[in-house]
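Q: Below you'll find the structure I mean.
Chains as they are written, first to last, in our numbering: chain A, 1 to 127; chain B, 1 to 263.
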């Protein structure tokens with residue numbers, strides 16, 4: 001390898017620069033920014049446990065959509081025994097009426113852009 | 001050394017057994033959780049085997065001639081967040097008025113009764129028994145429910161407009177522009193559509209699920225719109241069709257439209 005020393009040194013500098021945010025977080029300890037969605041509802045529980053909803057809400061919404069549109073089912077009997085109207089606008093958003101502080105915080109952070117709100121009407125938020 | 005054929009078959013066989021058996025065992029263990037969640041229709045939902053509508057054109061015409069009635073369109077378009085672009089080229093219509101000769105061109109001849117000539121007729125999706133729009137839809141966004149309603153899953157519509165070419169009744173409209181700014185006072189309990197999506201009458205599937213009749217039927221003050229189940233011999237639609245002569249739009253096309261007009 002010609003100029004091996006320079007190339008290896010260059011690679012090390014490059015890797016250090018690219019991974020510097022990680023090292024910065026490790027060294028300073030005040031590691032990460034965590035998005036914290038705000039829940040404003042008075043309700044005590046969601047249609048499923050929080051951890052499950054955090055990971056799987058998109059699957060649930062897809063299942064609800066197919067069940068409602070294709071099979072005409074409108075009622076979801078959850079694991080806690082309660083019956084819910086399967087509707088994004090009429091059930092989810094009644095509790096989570098603060099889209100900008102609830103949905104958007106994580107979605108912006110993870111840079112996902114679901115197209116729910118191209119059609120579904122989001123609740124008007126109090127400014 | 002490598003495995004011989006006999007051993008290879010044994011190993012793969014055992015592997016398959018473990019996989020299939022494991023899946024079955026896991027299903028048994030987690031069965032309780034899966035069963036706790038269940039989706040079902042509402043108890044109050046209107047259930048039918050073949051939904052259809054009868055338009056009493058005489059009552060309808062008289063009312064329109066009297067005061068330019070548009071109650072059904074206004075109610076429908078308000079309930080479903082139908083945009084008003086104020087431009088006939090972009091118009092979105094679920095239920096609308098046109099003249100008799102436009103709605104039923106095959107029933108029109110030079111000596112048509114003066115009552116019908118140029119008379120206002122209502123039109124909406126015919127929810128055909130043999131719907132061409134369903135057959136041509138490449139994504140199955142349009143489909144036929146078991147109760148006969150031809151429904152759209154707007155999530156799946158890719159805006160190819162094959163259905164608009166397939167529909168011989170012009171019942172489908174395309175959102176050339178983003179409809180949201182053109183929906184006056186969008187209701188928060190029903191979605192709008194997005195740009196590049198086709199839409200049409202859904203026979204108020206969302207209201208039937210709540211046990212309510214379609215919005216247009218409810219809004220009609222002269223009871224010119226009758227909605228019911230054709231498979232039920234006691235239903236009002238069956239009685240009305242039994243007692244009166246009725247026509248359908250372009251029946252010769254074999255689409256078997258389910259909107260009947262009393263003339």
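Virtual Cβ for every residue (Gly too), placed ideally from N, Cα, C.
All values derive from a computational prediction rather than experimental measurement.
Decide if residue 23 of chain A is buried, meaning its Cβ has at least 16 other Cβ atoms within 10 Å, or exposed.
A: Residue 23 of chain A is exposed by the Cβ-count criterion.
Q: Would a C-beta distance cut-off of 9 Å place residue 80 of chain A and residue 40 of chain B closer than the cut-off?
A: No, Cβ-Cβ distance for residue 80 of chain A and residue 40 of chain B is not below 9 Å.
Q: Could you have a look at residue 152 of chain B and say whether DSSP puts it in helix, strand or coil?
A: Strand at residue 152 of chain B.
Q: Suppose you measure from the CA of residue 94 of chain B to the CA of residue 20 of chain A; what does that come to, to the nearest Å?
A: So the alpha carbons of these two residues sit roughly 58 Å apart.
Q: Nearest-angstrom Cα distance between residue 241 of chain B and residue 108 of chain B?
A: Each residue's Cα considered, the two are about 21 Å apart.
Q: Report yes or no: do three or more beta-carbon pairs, one from the stretch 226-237 of chain B and one from the stretch 151-168 of chain B, lie closer than 8 Å?
A: Short answer: they don't touch.
Q: What is the DSSP secondary structure of residue 51 of chain B, counted as helix, strand or coil?
A: DSSP places residue 51 of chain B in strand when its eight states are reduced to three.
Q: Less than 9 Å between CB atoms is the rule here; does residue 40 of chain A satisfy it with respect to chain B?
A: Not an interface residue.
Q: Identify, in the order they occur along the chain, each residue of the same chain with its Cβ nearer than 7 Å to the Cβ of residue 57 of chain B, setting aside the five sequence neighbours on each side.
A: Answer for residue 57 of chain B: 121, 261, 262 and 263, listed in chain order.
Q: Do the stretch 189-209 of chain B and the stretch 80-99 of chain B touch if we need at least three Cβ pairs shorter than 8 Å?
A: Output reads yes: the stretch 80-99 of chain B touches the stretch 189-209 of chain B.
Q: Beta-carbon of residue 256 of chain B versus every beta-carbon of chain A: anything under 9 Å?
A: Chain A, which has no Cβ nearer than 9 Å to the Cβ of residue 256 of chain B, makes this no.
Q: Measuring CA to CA, which of A:13, A:40, A:28 and A:4 is closest to residue 125 of chain A?
A: Checking every option, the nearest Cα to that of residue 125 of chain A belongs to A:40.
Q: Closer than 8 Å by C-beta to residue 22 of chain B: which residues in its own chain qualify, once you throw out the five before and the five after it? Chain order, please.
A: Contacts found: none.
Q: Where do the ends of the alpha helix (DSSP H) carrying residue 11 of chain B lie?
A: Looking at the DSSP string, the run of the alpha helix (DSSP H) that includes residue 11 of chain B is 5-29.
Q: Report the neighbours of residue 97 of chain A on chain B: residues whose CB is nearer than 9 Å to its CB, in chain order.
A: In chain order: nothing, as chain B lies at least about 10 Å away.
Q: Using only alpha-carbon positions, find the residue among A:103, A:123, A:83 and A:42 that is nearest to residue 43 of chain B.
A: The candidate whose alpha carbon is nearest that of residue 43 of chain B is A:83.
Q: Leaving out the 5 sequence neighbours to the left and right, which residues in its chain are closer than 6 Å to residue 96 of chain A when beta-carbon positions are compared?
A: Once the five neighbours on either side are set aside, the close Cβ partners of residue 96 of chain A are 102.
Q: Going by other Cβ atoms of all chains shown within 10 Å of its Cβ, with 16 needed for buried, is residue 42 of chain A buried or exposed?
A: Residue 42 of chain A is exposed by the Cβ-count criterion.
Q: How about residue 227 of chain B and residue 51 of chain B: are their beta carbons less than 9 Å apart?
A: It is a contact, given that the beta carbons lie within the stated cut-off.
Q: Identify the residues that DSSP records as bridge partners of residue 228 of chain B: which are they?
A: Paired residue(s): B:52.
Q: Drop a sphere of 10 angstroms on the beta-carbon of residue 100 of chain B, count the other beta-carbons inside from all chains shown, and report buried for 16 or more, exposed for fewer.
A: Buried is the call here.
Q: Do you know how far the Cα of residue 26 of chain B is from the Cα of residue 90 of chain B?
A: The straight-line gap from Cα to Cα measures roughly 54 Å.
Q: Taking the alpha-carbon positions, what's the residue 123 of chain B to residue 171 of chain B distance?
A: Distance between the alpha carbons of residue 123 of chain B and residue 171 of chain B: 8 Å.
Q: Could you check which residue in A:27, A:26, A:49 and A:4 has the C-alpha nearest to that of residue 78 of chain A?
A: Closest by alpha carbon: A:49.
Q: So which residues on chain B does residue 86 of chain A lean against when the C-beta distance must stay under 9 Å?
A: Simply 39.
Q: What beta strand (DSSP E) runs, 3 residues minimum, are completely inside the stretch 85-171 of chain B?
A: For the stretch 85-171 of chain B, whole beta strand (DSSP E) runs of length 3 or above, ordered along the chain, are 95-99, 120-124, 142-144 and 150-152.
Q: So, for residue 166 of chain B: in the same chain, excluding its five sequence neighbours on each side, which residues have a beta-carbon less than 6 Å away from its beta-carbon?
A: Hits under 6 Å: 132, 133 and 136.
Q: Helix or strand or just coil, what does DSSP make of residue 83 of chain A?
A: Of the three classes helix, strand and coil, the one that applies to residue 83 of chain A here is strand, per DSSP.
Q: Using a Cβ-Cβ cut-off of 9 Å, state whether residue 120 of chain A counts as contacting chain B.
A: Chain B contact via Cβ: present.
Q: What is the DSSP secondary structure of residue 100 of chain A, reduced to helix, strand or coil?
A: It is coil, neither helix nor strand.
Q: Using C-beta distances below 6 Å, list every residue in its chain close to residue 175 of chain B, excluding the 5 sequence neighbours before and after it, in chain order.
A: Here the set comprises 193, 195 and 197.
Q: Mind listing the chain A neighbours of residue 155 of chain B? Cutoff is C-beta to C-beta under 7 Å, in chain order.
A: Under the 7 Å cutoff, chain A gives 65.
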